[in-house]
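Enquirer:
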Amino acid sequence: MKVRVAVNGYGTIGKRVADAVAKQPDLELVGVTKTRPNFEALRAREKGFPLYLAGEGTPEAFATAGLSLAGTVHDLLSKVDVVVDASPDKVGRENRKLYEAAGVRAVFQGGEKADVAEASFSALANYSAGRGKRFLRVVSCNTTGLARAAHVLRSTWGVDHWEATLIRRGADPAESKKGPINGILPTFHLPSHHGPDVRTIFPDLSIATTAVVVPTTLMHVHVNHVRLKQAPRDAAEVVEAFRRSPRFLLFAPWEQVDGTPQVMEYARNRGAGFGDLMENVIWEDGVRLDGRDLYFFQAIHQESIVVPESVDAIRAMFDLAKDGPESIALTDRTLGLKGR
Ligand code: NAD
Numbered sequence: 346m347k348v349r350v351a352v353n354g355y356g357t358i359g360k361r362v363a364d365a366v367a368k369q370p371d372l373e374l375v376g377v378t379k380t381r382p383n384f385e386a387l388r389a390r391e392k393g394f395p396l397y398l399a400g401e402g403t404p405e406a407f408a409t410a411g412l413s414l415a416g417t418v419h420d421l422l423s424k425v426d427v428v429v430d431a432s433p434d435k436v437g438r439e440n441r442k443l444y445e446a447a448g449v450r451a452v453f454q455g456g457e458k459a460d461v462a463e464a465s466f467s468a469l470a471n472y473s474a475g476r477g478k479r480f481l482r483v484v485s486c487n488t489t490g491l492a493r494a495a496h497v498l499r500s501t502w503g504v505d506h507w508e509a510t511l512i513r514r515g516a517d518p519a520e521s522k523k524g525p526i527n528g529i530l531p532t533f534h535l536p537s538h539h540g541p542d543v544r545t546i547f548p549d550l551s552i553a554t555t556a557v558v559v560p561t562t563l564m565h566v567h568v569n570h571v572r573l574k575q576a577p578r579d580a581a582e583v584v585e586a587f588r589r590s591p592r593f594l595l596f597a598p599w600e601q602v603d604g605t606p607q608v609m610e611y612a613r614n615r616g617a618g619f620g621d622l623m624e625n626v627i628w629e630d631g632v633r634l635d636g637r638d639l640y641f642f643q644a645i646h647q648e649s650i651v652v653p654e655s656v657d658a659i660r661a662m663f664d665l666a667k668d669g670p671e672s673i674a675l676t677d678r679t680l681g682l683k684g685r
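According to the working numbering, the sequence shown holds residues 346 to 685 in order.
If you want it as structure tokens, here you go:
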């Protein structure tokens, strides 16, 4: 018996999660929702995903566009075991009432506050925390990137203290109403909310984060300084630890991947759906060690990094895998995440 899944909110994250769910042997994508007809609704129909009406949308608008609806979000919820909520920030909390009324479990995204769910989730870091939960929250793109790296560093050398500056993309590629289109915007909430969000996964991690927003749409970049508990032998040992871990992709200097433009060009060359890149990206040349002090950069493709996590979250909730590594291996195989 496959676990029946709905995706409520078919935008940047929702359309990627829907594709990923449809590829899993133990999950069935029952349908997706749209509030209004647009090219994404058309693509969902072209892919054969049943389309349901959500939010403030009207059936008339879909009829005018010639897009057939299979029903409303209420109809969809009556047919599934779990819903992945990928609606805009804070709308997920409102939607939770629908899920409670329908008696379905739900996976929320990182735009919701942590208390929307029973636990926050990152597959490498705390898979078992998702076991049996009714409501689970996949942490945001930046927090997922930090939590994955924290898992590798903590489990190998331990972390004394971590300082990270997040260079955040101003908008996703399809967003034409956000910015900045010029300038660098400091985030005056100091330290930024990302550190406390990482502690929803690792409550005892000493981490302080700051952030700036810049005019790029491709990726976020994290500038990290970590004081480890034990000194690695050398930087190469740290590179090896990241390389051995699932969900990390490393670039060697000879590859001439100077920054995020080449990283995303590589991703488009690799040819995963949407040209996505779901791993943390580490530049080997950007890993330096000074005793216990580790410096490294990592790049995060904000549009897709939480997609495999959303699949693993469902598996954890329904106990579909023996453990985190088994779920991660299956997700990564079906999504074509190979590491290198
Ligand atoms: P988005 O705006 O691209 O997509 C949201 C979709 O939900 C849209 O299609 C919108 O029409 C639809 N919607 C609006 N109201 C709805 C309702 N009441 N019910 C159902 N659907 C509704 O947003 P997104 O970027 O995909 O973000 C979704 C969630 O994922 C947010 O919590 C966000 O913080 C989180 N997230 C986003 C990113 C990113 O970089 N885009 C990364 C990680 C996590």
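Idealized CB from N, CA, C, for every residue including glycine.
Less than 7 Å between C-beta atoms, sequence neighbours within five positions excluded: which residues of the same chain meet that for Ser465?
Expert: One-based indexing of the sequence shown puts residue 465 at position 120. Cβ within range, chain order: Ala459, Arg482, Val484, Thr545, Ile546.
Enquirer: Counting along the chain, where does the beta strand (DSSP E) carrying Ser465 start and finish?
Expert: Your numbering for residue 465 matches position 120 in the sequence shown. Here the beta strand (DSSP E) through Ser465 covers 464 to 466.
Enquirer: Does the stretch 347 to 359 come close enough to the stretch 639 to 646 to have 3 or more Cβ pairs within less than 8 Å?
Expert: Because the criterion of three Cβ pairs below 8 Å is not met, the stretch 347 to 359 and the stretch 639 to 646 do not touch.
Enquirer: Count Cβ pairs between the stretch 360 to 376 and the stretch 411 to 424 that sit closer than 8 Å; are there 3 or more?
Expert: Yes, they touch.
Enquirer: Out of curiosity, what's the CA-to-CA distance linking Ala367 and Arg493?
Expert: The count along the sequence shown starts at 1 and reaches residue 367 at position 22. The count along the sequence shown starts at 1 and reaches residue 493 at position 148. So the alpha carbons of these two residues sit roughly 25 Å apart.
Enquirer: With distances taken from CA atoms, which of Leu421, Arg390, Glu401 is nearest Ala410?
Expert: Position 65 of the sequence shown, counted from the start, is the residue given in the question as residue 410. Nearest option by C-alpha distance: Arg390.
Enquirer: Go ahead and pull the three-state DSSP assignment for His419.
Expert: Numbered from 1 along the sequence shown, position 74 holds the residue referred to as residue 419. His419 falls in the helix class under three-state DSSP.
Enquirer: Using 6 Å as the cut-off, classify the Cβ of Ala644 as near or not near the heavy atoms of the ligand NAP, replying yes or no.
Expert: Questions concerning the ligand NAP fall outside what the structure shown contains, since the ligands it does hold are the ligand NAD.
Enquirer: Figure out for me which residue from Ala586, Val651, Leu372, Ser423 has the closest Cα to the Cα of Gly456.
Expert: Locating residue 456 in the sequence shown gives position 111, where the first residue counts as 1. Comparing Cα-Cα distances from Gly456 to each of Ala586, Val651, Leu372, Ser423, the minimum goes to Val651.
Enquirer: For Val461 and Phe480, what's the separation of their Cα atoms in angstroms?
Expert: Within the sequence shown, numbered from 1, the residue matching residue 461 stands at position 116. Within the sequence shown, numbered from 1, the residue matching residue 480 stands at position 135. Looking at the two C-alpha atoms, the distance is approximately 8 Å.
Enquirer: For Phe593, which three-state DSSP category applies?
Expert: Position 248 of the sequence shown holds residue 593. Correct three-state label for Phe593: strand.
Enquirer: Among Arg637, Glu629, Ala363, which one has its Cα closest to the Cα of Val504?
Expert: Counted from its first residue, the sequence shown places residue 504 at position 159. Of the candidates Arg637, Glu629, Ala363, the one whose C-alpha sits nearest the C-alpha of Val504 is Arg637.
Enquirer: Starting from Leu469, follow its DSSP beta bridges and name the residues at the other end.
Expert: The count along the sequence shown starts at 1 and reaches residue 469 at position 124. Leu469 pairs with nothing; no bridge assigned.
Enquirer: Does the beta-carbon of His496 have 16 or more other beta-carbons within 10 angstroms, so that it is buried, or is it exposed?
Expert: As a working mapping, residue 496 is identified with position 151 in the sequence shown. Burial call: buried.
Enquirer: Kindly confirm or deny that the stretch 416 to 433 and the stretch 652 to 671 touch, where touching means at least three C-beta pairs closer than 8 Å.
Expert: Counting Cβ pairs under 8 Å, three or more are found: they touch.
Enquirer: Between the stretch 441 to 453 and the stretch 606 to 615, are three or more C-beta pairs nearer than 8 Å?
Expert: They do not touch, by the three-pair rule.
Enquirer: Pick helix, strand or coil for Asp647, following the three-state DSSP scheme.
Expert: The sequence position of residue 647 within the sequence shown is 302, counting from 1. Before going on, a small fix: residue 647 reads as Gln here, not Asp. If DSSP states are grouped into helix, strand and coil, Gln647 belongs with coil.
Enquirer: Go ahead and label Gln454 buried or exposed: buried means 16 or more other beta carbons lie within 10 angstroms of its beta carbon, across all protein chains shown.
Expert: By 1-based counting over the sequence shown, the position of residue 454 is 109. With 16 or more other Cβ atoms within 10 Å, it is buried.
Enquirer: Residues in its own chain within less than 8 Å of Val584 by CB, not counting five upstream and five downstream?
Expert: Here residue 584 corresponds to residue number 239 of the sequence shown, with the count starting at 1. Cβ neighbours of Val584 beyond the five flanking positions: Leu595, Ile627, Glu629, Val632.
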